[in-house]
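Numbering (the UniProt record's numbering), first residue to last: 1 to 671.
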């Protein structure tokens, strides 16, 4: 696992993603152990060792290609002092890796030295004792640090290499910065690292202080748990009669009841206070002192780096000037060789030039070695710095991860298995079932649709026809418009078509006490008919009701329906007519509209009956009480659900004009 990986911990959406969060935390803990434990995956180290060998071989090949002549004709060079005695990369990996697989046998061999074990300790948070030699000041530092296996050995060098000329083989250029001050820059860099370590130490110090504050807050919260009528950790029991009565309102302790909350909260705050105390102690005694030692050791190394400034004093520019001068002399000797008497032999000029180029390259390579020595030493020193910071942050992340794990273990998991997992109505149902003063929660309310009674769908209860009609007044002889509904026994007049707002008719005419008289057949466009009230006694005077329609066809439909109802000899015949008229099924319920339309098409021989059947089907399907939850008598608009169609072709027969005569006033003109 990479030591540079961040270790996020997500606490969002706890209830729905609890399992996912637990897996994240488990991965974080495994990551923490992999950074500090003594055993590492063998295959991983073997793979990194192979990569390191390849990188070292490539670096050696590049140096050999760049300095081919130095190995044969190098001048005597003064030896530059090194910051550290650098071992080979393979030796470093072998010494710093706790367990490395042998290439032949495949078995593990522990190669840690005694000093290595003292440096690494027993795991997270282990530091050397004050009497031991510090890991940064010891000469054998490379055998005591935990080498970062993911760092590139050439990373630091590649970042600071100057732009190489297009022709790197030219002797008239110097590929190195001759006036640079790398020791000063490197010293400033590690001074910046000391500032980073100081800031991190301050942050961790405040974190430890916050953990101490968390201890006090957790204890304060534990004292704030006060449920007077609940049992607390099997230690507190309600004493007063009022508390005992209140306790009976809730389910018993241990059933996922709300009574479990005081016990869960008390245990949670106790565990969190204990862990915060341990976290503060580990940060204060292990992590922060180790960072302080690292910061002090860096100051010593910065002073050592500054002493290497003399290694970068060179005469490369002077040697380059001499090379350019001899190059000019060599080129001029080649030009003069074409004449009879050349001033200088090109052979001698080339000897002097080659000797100067070797002297220049020797000086340049001494400077190159100084850069390599400084950069390698800085690279390894920064490894130590970064890995110590990684170790401190790993411990910090582990502490936070375990703290979050405690939230799951001591609080969320218990709530999830208990109070979170119960039905929100668990307490309520338990209370209602035990208390006789309430009804059962599963007792349903009755709905009108579920009501069944005798003759509920009797044909005489349906609306036969409805619509707006004009009726002539008795006194003023003028017509007033109203909404009329024809049933099996009455003609009702309402103010509006809304049966919810206008349920009571203003006039109800019983058909049993009325009679119809046909109109004069010579009047083809008559839109009126008259209902005459039958004279029941000599004292009761008959009365005429004259109705006026918008069209002759509408009048004919109403007339035919009223006539059929009046001609019925018995209630049974009337029901038969209504069932056929309204297109009712065997249960006296209206059939769907599609079947009504198909029935109307098959009965084209009786155009009048077909038209009235289609019209009523629409009205009855809208006003049927069984199809509407609300107790309304008719639809708000009986024609609203009908598409606009031209039905005049259905009426081919002539409907005779109709009138009624008043027997006692026969001399009066009813028209």
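Ideal placement from N, C-alpha and C gives every residue a C-beta, glycine not left out.
Limits of the beta strand (DSSP E) - the one that residue 552 falls within: Where residue 552 is concerned, there is no enclosing beta strand (DSSP E), although the alpha helix (DSSP H) it sits in stretches over 552-567.
Contact set for residue 564: own chain, Cβ-Cβ below 6 Å, skip 5 residues either direction: 577
Alpha-carbon spacing of residue 363 relative to residue 388, whole angstroms: 38 Å
Residue(s) in a DSSP beta bridge with residue 469: 482
Residue 102 to residue 54 span [Cα, whole Å]: Only weak support exists for where residue 102 lies, its pLDDT of 35 falling under 50; the coordinates are left without a value.
Residues that residue 544 bridges to, as DSSP identifies them: 532
Bridge partner(s) assigned by DSSP for residue 577: Answer by DSSP bridge pairing: none, since residue 577 is not bridged.
Minimum C-alpha distance to residue 356 - residue among 485, 327, 366: 327
Straight-line gap, residue 412 to residue 400 (C-alpha atoms, nearest Å): 16 Å
Residue range of the alpha helix (DSSP H) that includes residue 346: 346-407
Unbroken beta strand (DSSP E) run spanning residue 204, endpoints: No beta strand (DSSP E) contains residue 204, which is instead part of the alpha helix (DSSP H) from 182-223.
Classification of residue 207 by the beta-carbon crowding that lies within 10 angstroms, buried from 16 upward: buried
Host beta strand (DSSP E) of residue 490 (start-end): 490-494
Extent of the continuous alpha helix (DSSP H) run through residue 298: 288-306
Where the alpha helix (DSSP H) containing residue 326 begins and where it ends: 316-336
Extent of the continuous beta strand (DSSP E) to which residue 509 belongs: 507-510
Between the CA atoms of residue 337 and residue 346 - distance to the nearest angstrom: 7 Å
Exposure of residue 503, with buried meaning 16 or more beta-carbon neighbours within 10 Å: exposed
Continuous alpha helix (DSSP H) stretch holding residue 414: start and end: 413-417
Check whether residue 514 and residue 534 have beta carbons under 8 Å apart: yes
Residues near residue 284 by beta carbon distance below 7 Å, same chain, minus five either side: 208
Residues near residue 487 by beta carbon distance below 7 Å, same chain, minus five either side: 463, 464
Span of the alpha helix (DSSP H) around residue 343: Note, residue 343: premise wrong, no alpha helix (DSSP H); not H, not E.
Cutoff 7 Å; reference residue 479; Cβ partners in own chain excluding five residues on either side: 470, 471, 472, 548
Residue nearest to residue 224 in terms of C-alpha spacing, selected from 261, 201, 173: 261
Short Cβ contact (8 Å threshold) for residue 186 with residue 379: no
Helix, strand or coil at residue 516 according to DSSP, with G and I counted as helix: strand
Residue 555 classed as buried or exposed, judged by whether at least 16 other C-beta atoms fall within 10 angstroms: buried
One or two residues paired with residue 590 in a DSSP bridge: 584
Per-residue DSSP class, three states only, for residue 477: coil
Distance CB(residue 306)-CB(residue 179) smaller than 8 Å: no
Given 8 Å, three or more beta-carbon pairs between the region 190-200 and the region 294-309: yes
Secondary structure of residue 281, DSSP reduced to three states: helix
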